[in-house]
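J.: In UniProt numbering, the protein residues as written are 1 to 484.
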Amino acid sequence: MARRRRRHQSGRLTVEFPAIPSLRFDNRTGFDALHFDTVDQNGVAFHVIAAKTAYALRPGDAPGQALLIPVDEAALLHVTDVHHGDDIEQSVRYENDLAPYKPLCDIVVVGDAHPPAGAAAPWFDVSLRVQRPDLPPRLPERPHPLNPWQPLSPEVYQQWQRELAAAERTPQPGEVLVDKTLRVHGERRLHRHAAPLRWLQGTPWRLGSAAASSRVPLRYEYAFGGECRVEAADAFAAQIPDQHKLTREQQAAYPGTNNPPIAHDACHGNPVGAGFTRDWYVQASGIASLPAPRIEYPAMPFTAKAFWQSACGNEPFTVAGMGYVGRGWLPRRNLIGHVDIKRTWHDDDIPLLPKDFDFRYWNGAPADQQCPHLEGGERFVLVNLCAADAGYAGADADGNSVVSFTLPRQALFALTAGADGVVSALPLAIDTVVIDLDNAQVDLTWRLAIVADGAFDEARLHHAATPEALARLHELTTSAAALS
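In structure tokens form, the structure reads like this:
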């Protein structure tokens, strides 16, 4: 097998590792799919297969029970991030599908929040719920001895404990995977008190009442966050205290600009939002009003007091949203690990991930919208996340718009074959669900990552959608697991 040399990032040592074995990939489905290779932080190579299926939301047999109908044209995998408005300064609408592996499944919602009954309201709640199908099975019953006064033997008790632990580890039908509620407000602003009231109120600011709204974009631009940026040309630039100005080294680090700011601070959890500021910026600029965030967790409401505490350096609010979290935002970027900066690169150098890289970094949904990989059949319920007059929506007793749907029971799998003639069926997992209510569409991204150790040289992607095909696939994978 061909080998090549790679220098460590220190530039002083070299190690050898085998070249990645080639893989012939044959897509036998009507879906967009691709294969690529990757290397992890330990130099282990992997073959990755990614595919996408997409469905249109259509009215079902009962109000609010939508059907997922395959789209006419195959949806394409995203090979780059797509930002709202095609503006990289705005939040991400769709993240690219070329992650090598996602330990969990991302559930992402794209669209707007709508008040109950379509009537404008100053605030209302929206929610997302994802649940495995069917009712949960009974846990193993605790064994009882024939003689109630005689304790269980250690062997019987330990066996029961093993069965109970196995049942708890097994994905439970009916299990709730995601249950999230956010509160959405109409437009509202923060206003600075006049001088006499600043001491009487205990905070220099007050939060104004929210205006009634009939639609609120569910984007991070409307959640807590933002930045304080001061350019040299700003009228109040001279008022910025020296300790808050950027050093020349910091200014030189700003990419692609010949005119870097003289002072800059941002909410690291959401630099595109509203409601973030710093006291030094307020004092220098003299601002008396600024937009307040409109999306929050009900248990963590945005208040004027908490806003000013944040402006004075305390911990900021929890960022609330249902879309993709930026790759460079906290807490996601902490999962990258410690990056060693290499000054000199050689032609045969291959950059590797940091040794302490956490693969959860590839999961882009908020942490409370991540769940175990899906298999099909899961039930989704969305409240006030679509217009009341959407054809596939219904209404509950309180007038909230409700739409529910169930993922199709199907499977994508790769048939692999090696030089020894052994054929294996390797199922792909659903690791990304994008519910795009702007386009009434649900996209599923499927993925398979397997060690590129040369055990096989060909992989054919197939689709199983009938009960017979799914049963056959289950038989193949079960028998293979028993032999391994």
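C-beta atoms are modelled at their ideal positions from N, C-alpha and C, and glycine is treated no differently.
Which of helix, strand or coil does DSSP assign to Ala74?
T.: Residue state, collapsed to three classes: coil.
J.: Could you tell me the distance, in whole angstroms, from the CA atom of Asp438 to the CA atom of Ala390?
T.: Computed Cα separation, rounded: 11 angstroms.
J.: Less than 8 angstroms between C-beta atoms, sequence neighbours within five positions excluded: which residues of the same chain meet that for Cys371?
T.: Answer for Cys371: Leu104, Cys105, Ile107, Val130, Leu177 and Val178, listed in chain order.
J.: Is it buried or exposed for Val79, if we count other Cβ within 10 angstroms and need 16 for buried?
T.: Flag for Val79 reads exposed.
J.: Using only the alpha-carbon positions, how far apart do Arg192 and Glu315 sit?
T.: One C-alpha to the other measures close to 21 angstroms.
J.: Quick one: what does DSSP say His193 is sitting in, helix, strand or coil?
T.: Correct three-state label for His193: coil.
J.: So, with DSSP's three-state summary, where would you put Glu378?
T.: Looking at Glu378 - three-state DSSP - the assignment turns out to be coil, as it is neither helix nor strand.
J.: Could you tell me which whole alpha helix (DSSP H) segments of length 4 or greater appear in the stretch 302-378?
T.: Counting whole runs of 4 or more residues, the stretch 302-378 contains the alpha helix (DSSP H) stretches 304-311.
J.: What's the call for Val15, buried or exposed, on a 16-neighbour Cβ count within 10 Å?
T.: In this predicted model, Val15 has a pLDDT of only 43, less than 50, meaning its place in the structure is not dependable; the value taken from the coordinates is given anyway. Val15 is exposed by the Cβ-count criterion.
J.: My assumption, with CB atoms under 8 angstroms, is that Ala120 sits in contact with Ser209. Please give the rounded CB distance.
T.: No, Ala120 and Ser209 are not in contact; Cβ-Cβ is about 14 angstroms, not under 8 angstroms.
J.: According to DSSP, simplified to helix, strand and coil, what is Gln251?
T.: Gln251 falls in the helix class under three-state DSSP.
J.: Around the C-beta of Phe236, are 16 or more other C-beta atoms found within 10 angstroms, so that it is buried, or is it exposed?
T.: Phe236 should be labelled exposed.
J.: If you measure between the beta carbons of Ala411 and Leu428, is that distance less than 9 angstroms?
T.: In contact: Ala411 and Leu428 (Cβ atoms closer than 9 angstroms).
J.: Hey, is the stretch 330-340 in contact with the stretch 402-420, meaning 3+ C-beta pairs nearer than 8 angstroms?
T.: At 8 angstroms Cβ cutoff, the stretches do not touch.
J.: So Gly126 and Val184 are in contact, right, with Cβ under 8 angstroms, and what is the actual spacing, rounded?
T.: Rather than Gly, the amino acid found at residue 126 in this sequence is Val. Yes, Val126 and Val184 are in contact; Cβ-Cβ is about 6 angstroms, under 8 angstroms.
J.: Can you name, in chain order, every residue of its own chain whose Cβ lies under 7 angstroms from the Cβ of residue 485, other than the five neighbours on each side?
T.: Residue coverage of the chain in this structure runs from 1 to 484, which leaves residue 485 outside it and unanswerable.
J.: Whole angstroms are fine: how far does the CA of Ala306 sit from the CA of Ala471?
T.: Straight-line Cα distance between these residues: approximately 56 angstroms.
J.: Nearest-angstrom Cα distance between Gly225 and Asp420?
T.: Roughly 57 angstroms separates the two Cα atoms.
J.: Determine the closest residue to Trp362 out of Gly85, Ile435, Glu95 and Leu461, with distance taken between C-alpha atoms.
T.: It is Glu95.
J.: Can you check DSSP and say which residues form a bridge with Ala19?
T.: None; Ala19 has no bridge partner.
J.: On the DSSP letters alone, give me the boundaries of the alpha helix (DSSP H) that Tyr281 sits inside.
T.: Where Tyr281 is concerned, the enclosing alpha helix (DSSP H) stretches over Asp279 to Ser285.
J.: State whether the stretch 236-252 contacts the stretch 274-291, with contact taken as three or more CB pairs (one from each stretch) at a distance under 8 angstroms.
T.: With a cut-off of 8 angstroms, the stretch 274-291 and the stretch 236-252 count as touching, because enough Cβ pairs lie within range.
J.: What residue does the beta strand (DSSP E) around Phe25 start on, and which one ends it?
T.: Element bounds for Phe25: Arg24 to Asn27.
J.: Whether or not the stretch 397-404 and the stretch 455-467 are in contact is what I'm after, with contact meaning three or more pairs of Cβ atoms, one per stretch, closer than 8 angstroms; do they touch?
T.: As far as the Cβ criterion goes, the stretch 455-467 does not touch the stretch 397-404, which means the pair count is below three.
J.: For Gln441, which three-state DSSP category applies?
T.: The answer is strand: DSSP assigns Gln441 an E or B state.
J.: From the DSSP output, read off the bridge partner residues of Arg447.
T.: DSSP lists Ala50 and Ala429 as partners of Arg447.
J.: With H, G and I counted as helix, E and B as strand and the rest as coil, what does DSSP make of Gly118?
T.: Residue state, collapsed to three classes: helix.
J.: For Ile435, does the count of other Cβ atoms within 10 angstroms reach 16, so buried, or fall short, so exposed?
T.: Burial call: buried.
J.: Go ahead and pull the three-state DSSP assignment for Thr477.
T.: If DSSP states are grouped into helix, strand and coil, Thr477 belongs with the helices.
J.: Consult DSSP for Pro241 and reduce its assignment to one of helix, strand or coil.
T.: In the structure shown, Pro241 sits in coil (DSSP, three-state: anything other than H, G, I, E or B).
J.: Is the beta carbon of Ala440 closer than 9 angstroms to that of Pro116?
T.: The answer is no: Cβ separation not under 9 angstroms.
J.: What do you reckon, are the CB atoms on Ala66 and Tyr392 nearer than 9 angstroms?
T.: A contact, by the Cβ cut-off of 9 angstroms.
J.: Give me, in chain order, the residues of the same chain whose beta-carbon lies closer than 8 angstroms to that of Cys267; leave out the 5 immediate sequence neighbours on both sides.
T.: Answer for Cys267: Phe224, Gly225, Gly226, Glu227, Gly273, Phe276, Pro316 and Val319, listed in chain order.
J.: What three-state label does DSSP hand Leu470 in the structure shown?
T.: If DSSP states are grouped into helix, strand and coil, Leu470 belongs with the helices.
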